[in-house]
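Student: Submitted below is the structure of interest, expressed as structure tokens.
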Amino acid sequence: MVKNMRNRSLADAVRPQSFDEMVGQRHLLGSHGALRRLIDAGRVTNMIFSGPAGTGKTTAAEIVAKHAEMKIYRFNATTATLSDVKSALKSTSDIFGAGGILIYLDEIQYFNKKQQQSLLEYIEDGRVTLIASTTENPYYSIYSALLSRCSVFEFKPVEPRDLAPALRRALDFLCAEEGRTVTASDDTLMKLASFAAGDVRHGITLLENAFYIAEEEITPETFAALSSASYGSFDRDGDVHYDLLSALQKSIRGSDPDAAVFYVARLLAGGDILSVCRRLLVIASEDIGAAYPMAAAITYSCCEAAKQLGMPEAQIPLGNAAVMLATAPKSNTACVAVETAMADVEAGLGQTVPHHLHAPLFDGYKYPHDFPNRWVEQQYLPDDVKDKKYYRFGDNKTERAAEAYWDAIKKKT
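Position 396 of the sequence shown, counting from 1, maps to 1832 under my numbering, and the rest follow consecutively.
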């Protein structure tokens, strides 16, 4: 017969009720932490909490609401809609009360742009204070107009030394709840904290499972079979944690194949092939670029093969792509060129295309194939940027060869 268990998870049962009880995030919640000082000063503003799963984002939001005496409504953007948010506002009669309403929206990246835009109406007129959380990089996943109205706070994976006390409290709670005496040494809890890889909720879940299979003492052997040591510090329900993707790109950019394959392995251990593929495709064009133009095509081929193969075989073509990119010559000249051009476009320059390039008239247009060496001098850029130089050849074999060729063709040597 299955024993009747509590109707909520252990992590929820031992959830901290104050900033002092929270573990990790000292840069935000310590006595001199930015978020804590803001709340202690009575300043509750719209906020974005970004960071991996199990790092205290939801708990911090609930403590903020409690401290500010605000009614909190919790939603998860994977299942909730904007109508749910509107219904919550209509269901209460004290919207404009002294405390007010705090909406906590988890995984806000799953709201599309239109839904995120609609939230502006509520936070602009002060009807609601919004705290949204995301496991992705907020500067990529959140609508810029909404982001500009929020303070962004980054939650980091919890270090084992900080997580261990939370595990001790959870163990004490279980012993009291079950009327049992189950012990665990400090070293064992530190090992368990390392297994959790910065995720407090995952660590408490492991502890709970270990508690019920242990007799009198929890040892490393008790919980070793309950979790993969390769569990990564990212949310498996979303994209892999941005820091791991960033480390992968920086390792390839720095031409370190060992670090590149390590981060590929870390990312694949979480079961997310697509995020690895997307980042490798970006790297091929951003960091290798014109120095080895075939890198993009090779990477695309490896990524498509990985998606068809699935794990574990997907690690082979993706490892191949990572090593190829890490050992390839590097150039960001094309990337810099388009970024520089984009800055001029965003500044409103180049609005008028030269008349001889208009379609379908081509009045005065010179067709390069009709000229020697398939080139003829003529203006292509708009008048106000006609003298701009966006692309400059890089110092690598491929681009030097291209530069020499065009210097000869254009008679500039």
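Note that the Cβ used here is the ideal one computed from N, Cα and C, for glycine as well.
Count the C-beta pairs between the segment 1702-1722 and the segment 1777-1796 that are closer than 8 Å, then say yes if the count reaches three, no if not.
Tutor: no
Student: Leaving out five residues on either side along the sequence, give the residues of the same chain with a beta carbon under 6 Å from the beta carbon of K1507.
Tutor: I1537
Student: For T1570, list the residues DSSP reports as bridge partners.
Tutor: Residue pairing for T1570: DSSP places it in a beta bridge opposite S1486.
Student: Just to confirm, is the Cβ distance from D1542 to F1511 under 9 Å?
Tutor: yes
Student: What whole-angstrom Cβ distance do Q1859 and L1704 have, given they're in contact under 8 Å?
Tutor: Limits of the chain in this structure are 1437 at one end and 1849 at the other, which puts residue 1859 out of reach.
Student: May I ask you to report which of helix, strand or coil DSSP gives E1505?
Tutor: coil
Student: Counting along the chain, where does the alpha helix (DSSP H) carrying L1599 start and finish?
Tutor: 1596-1614
Student: Shortest alpha-carbon distance to D1622 belongs to which of P1596, E1614, G1615?
Tutor: Taking only the C-alpha atoms, the option nearest D1622 is P1596.
Student: Can you check the segment 1752-1778 for any alpha helix (DSSP H) of at least 4 residues that lies completely inside it and give the ranges in chain order?
Tutor: If we require 4 residues or more, the segment 1752-1778 turns out to have no alpha helix (DSSP H) run fully inside it.
Student: Secondary structure at Y1558, three-state DSSP: helix, strand or coil?
Tutor: helix
Student: To the nearest angstrom, how far is the alpha carbon of L1474 from that of V1480?
Tutor: 7 Å
Student: Thinking C-alpha only, which one of D1456, I1567, A1470, D1598 is nearest C1586?
Tutor: I1567
Student: Please tell me whether S1445 and I1640 are closer than 9 Å, where the distance is taken between their beta carbons.
Tutor: yes
Student: Measure the CB-CB distance between A1632 and G1490 and report whether it falls below 9 Å.
Tutor: yes
Student: Does E1613 pass the burial test, meaning 16 or more other C-beta atoms within 10 Å, or should it be called exposed?
Tutor: For E1613, the number of other beta carbons within 10 angstroms of its own is below 16, and it is reported as exposed.
Student: Flag this pair as yes or no: are the beta carbons of A1762 and D1679 separated by less than 9 Å?
Tutor: no
Student: Hey, A1727 and G1830 are a contact pair by Cβ (cut 8 Å); roughly how many whole angstroms apart?
Tutor: 6 Å
Student: Where in the segment 1613-1661 do unbroken runs of the alpha helix (DSSP H), each at least 4 residues long, occur, reported from the N-terminal end onward?
Tutor: 1622-1631, 1636-1649, 1656-1660
Student: How far does the alpha helix (DSSP H) with I1719 in it extend, from its first residue to its last?
Tutor: 1709-1719
Student: Could you please give the first and the last residue of the uninterrupted alpha helix (DSSP H) stretch that includes Y1852?
Tutor: There is no way to answer for residue 1852, as the model of the chain reaches only from 1437 to 1849.
Student: At a threshold of 8 Å, does F1807 count as lining the ligand SAM (C-beta to nearest heavy atom)?
Tutor: Ligands in the displayed structure: none, and consequently the ligand SAM is not present.
Student: Under DSSP, the alpha helix (DSSP H) around L1855 begins and ends at which residues?
Tutor: In the structure as shown, the chain begins at 1437 and stops at 1849. Residue 1855 is therefore absent and cannot be evaluated.
Student: Might you give, ordered along the chain, the residues of its own chain that have their beta carbon closer than 6 Å to the beta carbon of D1759, omitting 5 neighbours on each side?
Tutor: For clarity, residue 1759 is Val in the given sequence; the question names Asp instead. P1693.
Student: Please work out which residues of its chain come closer than 7 Å, Cβ to Cβ, to A1650, disregarding the five sequence neighbours upstream and downstream, and give them in chain order.
Tutor: V1618, T1658
Student: Between which residues of its own chain and G1800 is the CB-CB distance below 8 Å, once the five residues before and five after are set aside?
Tutor: Once the five neighbours on either side are set aside, the close Cβ partners of G1800 are H1791, H1792.
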